Amino acid sequence: MVRAKHFSWLRPRSLIGACILGAVLVLVLYTVPVSSNQTLTTPTSIKLAPTVFETVRGQHSNTPLEALSRLEITEWNSEPESAYKEFYPIGDGYEGLFTYKLPGGVTSADVVAIRVHVNYRGPVRAVQRWWWELRHFQNNTWVELGDNTGAERWRWTNRVIDSPIPPAYSINANGEILIRYQTDGNAEASAVDYLMVELVATTASSGSSSVFIPLVQHVSSSTTPTPLASPTTVQTPTTSPTPVTTPVPPPTGDVCAFNPTNGIVFASSMERSNWYQLANRGNSASVLAPYLPNRVYKTYPSDYVSAVNNPVRRGNWAQQFQNVAGTHEPLYSFKFALPRSDVYYWRFYRQYEAGYQFTCESKAFVVSAHNPITFTLPAGQYPDGTNEASCFLQIMPNCWYDNSASTRRCFDPENVNNRGEPVLYCYHLDQPTGYGEKLRQNIGTPTYIAGGQWNDFQIMMKLNTPGQANGEVKLWINGELKLYYNTIRFRTIPELQLNAASMPGYIGGHCTSIRDQKIWDDHYMISKVYITDEMFNAMCETKTEWFDTGVPYLWDLERQCWPGVNCPSP
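Position 395 of the sequence shown, counted from 1, bears residue number 658 in the working numbering, the numbering being contiguous throughout.
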């Protein structure tokens, strides 16, 4: 409590005098005459959207520029993709230029302050620095506005940054403001949902007096801003949940207790009806490594992807893809990041419904190398050895065109479509066309699959030594090795490594699903070593419980321990 003796001026007589003085001052402010040649002004907040955009280095997504004029995305959200632009560093980083134009009737002399509003998502500064600069037209230099310091990994961060230079220096003779966004690194891309320039300008007042009332709250660039009032309603990012301070150890003595030291980096038995939704929180079911590895970076909410309790291969739940007649839908359940590696094995169960019509290419579990991880090679484009390599398990229809042999193949009579041929569809440097090469089974008698039964698939992909044609792929079907190639050139640089996995269920190629029909997947596992039956069968059916406590136990791949449980203090 404040003691009154420190404020002796709070005596009744003093208070009366202060009130009289205040009344006089207010009266003066509102009655002082304005000379005929004097124009009084009031401040006005004006938000400017970028009108011109140019990428100087690197690449960017095709999202329209106008998306940056709306603050739409918060937290870990990655949808809708049309709400933000992504920026991809290539070679020597990324550099993009944004131009803002003063509205008619406003000149540089009218502007008393400039602020930049940014909603950023990407790596933390310690991993890769992304920053914004403002053009100083007075001396033709760039002045730094701020960077991704304080941003959380791949969580949207909303900031308001004050310009460090007088407005007159940052507006050219054409009434333009120029902002540069860039990075010098190549480790990770970034995304921007909102990039607006706010002007505090003066406008002529018709009254005989004025009182200066700021319309916009001043926010330091070092603090988390409160979104400013604007004609368009914006969302305020929610705060992070309070961390749980007393973690509960993972289960012990369980026959299906999970042991990630054997090389496994991801596994899910899908024993929760919403296991794929848990992934959208940043923990993809049984996440065993810190983000970036094993953090979901793209989800595909769809009415055609769900968890069901019939049919299942093991446990009580499986994932269902509902193919939609005349479409490629659904695309994926989600994509997530992996620890970077030159080799991965992935294994899962898949069943097509009884009577399934294999009239088009059916995609399945894929592991990829993306540089950066959010880059996706456009369909029909050759990889260049530095940007992408991937291998899908793909089930081909009865009759299909083999681009490697330049011939059309049929394994059943024409118009018989109740079986499919498993192949590996791989993007590599020597593929015969812009589309990936379909590598056929080359060991023993080919195995074809039909609907109504579960099949056990395991794939291996090993990237080549740069400069050598020694990349490898393998495919096991129901425990039998059916495909092996070992002279593939996937990459030209060692930095391109396997770093992402995707769960697709779509119908690809130049055709669509002939009718509504279903596909089910059960039990996903990815490992740096061959996945034995013992490893696969010991997948814990309840491990997603570890994440429902609010404490994500993320296996430390470097120290091989559970942080907060048995990892030594740093």
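All C-beta atoms, glycine included, are put in the ideal place defined by N, C-alpha and C. This structure is a prediction, so every number in the text was calculated from the model and none was measured.
Residue i, enclosing alpha helix (DSSP H) - first and last residue
i      : result
Phe655 : Looking at the DSSP string, Phe655 is not in any alpha helix (DSSP H); the run it does join, the beta strand (DSSP E), is 651 to 659.
Residue i, enclosing beta strand (DSSP E) - first and last residue
i      : result
Asn403 : Taken as a continuous stretch (DSSP letters only), Asn403 belongs to no beta strand (DSSP E), as it is neither H nor E.
Phe720 : 717 to 725
Met788 : 780 to 790
Val587 : Note, Val587: premise wrong, no beta strand (DSSP E); not H, not E.
Pro729 : Taken as a continuous stretch (DSSP letters only), Pro729 belongs to no beta strand (DSSP E), as it is neither H nor E.
Leu761 : 761 to 767
Cys662 : 662 to 665
Ile527 : 527 to 531
Coarse secondary structure for residue i, derived from DSSP in three states
i      : result
Glu439 : strand
Thr807 : Because the pLDDT at Thr807 is just 33, under 50, the model does not fix this residue reliably, and the point stays unresolved.
Phe799 : helix
Tyr432 : helix
Ala372 : helix
Leu594 : coil
Asp447 : coil
Leu702 : strand
Thr505 : Any answer about Thr505 is weak, because its pLDDT of 36 lies below 50 and its placement is not dependable; what the coordinates show is given next. In the structure shown, Thr505 sits in coil (DSSP, three-state: anything other than H, G, I, E or B).
Phe638 : coil
Phe628 : strand
Gln644 : coil
Arg544 : Residue confidence for Arg544 is low, a pLDDT of 29 falling below 50, so the modelled location carries little weight and cannot support an answer.
Asp675 : coil
Val575 : coil
Glu415 : coil
Ile751 : strand
Phe599 : strand
Ser604 : strand
Gly772 : coil
Tyr619 : coil
Ala464 : strand
Gly707 : coil
Gln694 : coil
Ile756 : coil
Pair within 9 angstroms by beta-carbon distance, residue i and residue j
i      : j      : result
Leu761 : Leu640 : no
Lys781 : Phe584 : yes
Ala588 : Ser776 : yes
Val369 : Val463 : no
Ser790 : Val528 : yes
Ile336 : Trp395 : no
Asn733 : Ile706 : no
Val379 : Asn411 : no
Asp447 : Arg333 : no
Val834 : Val423 : Absent from the model: residue 834. The displayed extent of the chain is 264 to 833, so no value can be given.
Gly785 : Gln620 : A quick correction: the sequence has Asp, not Gly, at residue 785. No, these two residues do not count as a Cβ contact at 9 angstroms.
Leu328 : Ala346 : no
Pro685 : Gln716 : no
Arg384 : Gly356 : no
Gly618 : Ile658 : no
Asn661 : Thr622 : yes
Ala763 : Val606 : no
Ile712 : Tyr612 : no
Trp663 : Glu624 : yes
Tyr444 : Phe361 : yes
Phe753 : Ala642 : no
Leu738 : Phe720 : yes
Beta-ladder partner(s) of residue i, from DSSP
i      : result
Ile712 : Gly683
Ala570 : Gln582
Arg422 : Val381
Gln836 : The question about residue 836 has no answer, for the chain in this structure spans 264 to 833.
His399 : Thr404
Leu746 : Leu738
Trp609 : Ile722, Ile789
His633 : Glu651
Ser453 : Phe350
Cys689 : Cys654, Glu700
Any non-hydrogen atom of the ligand MN within 8 angstroms of residue i CB
i      : result
Glu317 : In the structure on display, the ligand MN does not appear, and there are no ligands present to speak of.
Residue i at chain C interface by Cβ criterion, 9 angstroms
i      : result
Trp609 : Chain labels in this structure do not include chain C; a single protein chain is all it has.
Within the region 305 to 366, ranges of the beta strand (DSSP E) (whole runs, at least 3 residues)
Correct list: 315 to 320, 348 to 351, 357 to 364.
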